[in-house]
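Novice: The following block contains the structure, expressed as structure tokens.
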Amino acid sequence: MPEILEVEAARAVLEARALDRGIARVHAPDAWFLKRGLTPRGVRSALTNRRLERARRRGKLLLVDTSNDGPVLGLHLGMSGRIVVDGEAAGDPLVYASNRAVRQWHRFGLHFTDGGALWLRDPRRLGAVELDPDEDRLGPDAFALTKAHLAAVLGRSRAPVKAVLMDQSRIAGLGNLLVDEALFRADIDPARLALTVPVDGVAGLHRAIRTTLRTLARRGGSHTGDLPREPGAPCPRDGATLLRRTIGGRTTYSCPQHQR
Ligand SMILES: [Zn+2]
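Set out below in structure tokens:
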């Protein structure tokens, strides 16, 4: 599923291609895809004749400001969503979902006055569109995470460190693959209670999160980590057989040898 790196790639496509173009028509064929009381008629009247002015992101939520004090368009990619502008796609890498341009997968779209279009294409229909989303329900963005904030959120919680890192209200943007990879690099057991991570462990984890984001973005996405995600695979660092468990409700891989 798209994680923060894929959502950031989608944001960059919006910024490069979708801004400052007049919106001639809004395509909202799927009322279920519109959230928080938004209706097809409501979203059409709110966006038609405006322009997209700025493409932002907080965690995995795309936020697009609109012209003339219009609403903020909130786009959620869900499990398989992808942003397509004038036929160029960004978002979930092909390893997770088909990139076929099936018309039924176009859950939401904007037709521009110049003839181009923006689509949210989502085979699994778990994404969403909303207007003026509550951005403050999300914690600080993972790319802007400070060591002090990380220490504060870990120090307050008796939940497994993995569950705390994935809680979007505390840190926005870290998903299953990125958290497993960061904990693998930081030598921390994902099941360890958050408040038991020592001070130097927090500093190491903060570095590992930054390195993970930077390195995997360069390699091409959240699926390019060093930690193998296959049952019975050996740890690439020490050869121990990797553990596969469910932690925080998600399938979790870790090394029983070097992650403590
Ligand atoms: Zn290991």
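For the sequence shown, the positions run 1009 to 1268 when our numbering is used.
Each residue gets a CB set at the ideal place from its N, CA and C atoms; glycine is no exception.
1. Only counting runs of 4 or more residues, tell me where the alpha helix (DSSP H) segments fall wholly within the stretch 1196-1234, in order along the chain.
2. First and last residue of the beta strand (DSSP E) that includes Ile1091?
3. Listed by chain order, which residues have C-beta atoms less than 6 Å from any heavy atom of ligand 1?
4. Per DSSP, what kind of secondary structure is Tyr1104 in: helix, strand or coil?
5. As an exercise, report each continuous alpha helix (DSSP H) stretch of at least 4 residues that is fully enclosed by the stretch 1019-1106, in chain order.
6. Excluding the 5 residues flanking Arg1019 on each side, which residues of the same chain have their C-beta closer than 8 Å to its C-beta?
7. In its own chain, which residues sit with a C-beta less than 7 Å from the C-beta of Ala1211, not counting the 5 before and 5 after it?
8. From Gly1045 to Leu1224, what does the alpha carbon distance come to, in whole angstroms?
9. Report the option in Lys1068, Leu1083 and Arg1059 whose CA atom is closest to the CA atom of Ser1230.
10. Gly1147 and Ile1179 look like a contact to me (Cβ under 8 Å); what is the Cβ gap, rounded to whole Å?
11. Excluding sequence positions up to five away, which residues of its chain have a Cβ less than 8 Å from the Cβ of Thr1121?
12. CA-CA distance, Tyr1104 and Gly1095?
13. Less than 8 Å between the CB atoms is what I'm expecting for Pro1242 and Asp1234, so what's the real figure, rounded?
14. Quick test of your reading: Trp1127 and Val1092, contact by CB under 8 Å. State the CB separation rounded to the nearest angstrom.
15. Short of 7 Å in beta carbon distance, which residues of its chain neighbour Ala1036, apart from the five on each side in sequence? Order them along the chain.
16. Residues bridged to Thr1259 by DSSP?
17. Can you give me the C-alpha to C-alpha distance between Gly1124 and Pro1168, rounded to a whole angstrom?
Specialist: Considering the structure as presented:
1. 1207-1227
2. Taking the first residue of the sequence shown as 1, we reach residue 1091 at position 83. Ile1091 -> beta strand (DSSP E) spans Arg1090 to Val1093.
3. Cys1243, Arg1245, Asp1246, Ala1248, Cys1263, Gln1265 and His1266
4. The residue you call residue 1104 lines up with position 96 of the sequence shown. Caution applies to Tyr1104, whose pLDDT of 48 falls short of 50 and renders its modelled position unreliable; the model cannot decide the point.
5. 1048-1055
6. For the purposes of this step, residue 1019 is taken as residue 11 along the sequence shown, with counting starting at 1. Ala1063, Arg1064, Arg1065 and Leu1070.
7. Indexing the sequence shown from 1 puts residue 1211 at position 203. Closer than 7 Å at Cβ, skipping near neighbours: Lys1155.
8. In the sequence shown, the residue the question calls residue 1045 occupies position 37. In the sequence shown, the residue the question calls residue 1224 occupies position 216. Answer to the nearest angstrom: the Cα atoms are 37 Å apart.
9. Walking along the sequence shown from the start, residue 1230 turns up at place 222. Answer by Cα proximity: Lys1068.
10. Here residue 1147 corresponds to residue number 139 of the sequence shown, with the count starting at 1. Here residue 1179 corresponds to residue number 171 of the sequence shown, with the count starting at 1. So it is a contact: roughly 5 Å between Cβ atoms.
11. One-based indexing of the sequence shown puts residue 1121 at position 113. Result list for Thr1121: Arg1029, Gly1030, Ile1031 and Ala1032, in chain order.
12. As a first step, residue 1104 must be located in the sequence shown, where it is residue number 96. As a first step, residue 1095 must be located in the sequence shown, where it is residue number 87. With a pLDDT of only 48 at Tyr1104, under the threshold of 50, the placement of this residue in the model should not be trusted; the figure read from the coordinates follows. Those two C-alpha atoms are separated by around 19 Å.
13. Translated into the one-based positions of the sequence shown, residue 1242 becomes position 234. Translated into the one-based positions of the sequence shown, residue 1234 becomes position 226. Pro1242 to Asp1234, Cβ: 12 Å. No contact.
14. For the purposes of this step, residue 1127 is identified with residue 119 of the sequence shown, where counting begins at 1. For the purposes of this step, residue 1092 is identified with residue 84 of the sequence shown, where counting begins at 1. Right, their Cβ atoms sit about 4 Å apart.
15. Along the sequence shown, read from residue 1 onward, the residue named residue 1036 stands at position 28. Once the five neighbours on either side are set aside, the close Cβ partners of Ala1036 are Leu1042, Pro1048, Val1051, Arg1052 and Phe1116.
16. As a working note, residue 1259 is residue 251 in the sequence shown. Its beta-bridge partners are Thr1254.
17. One-based indexing of the sequence shown puts residue 1124 at position 116. One-based indexing of the sequence shown puts residue 1168 at position 160. Looking at the two C-alpha atoms, the distance is approximately 47 Å.
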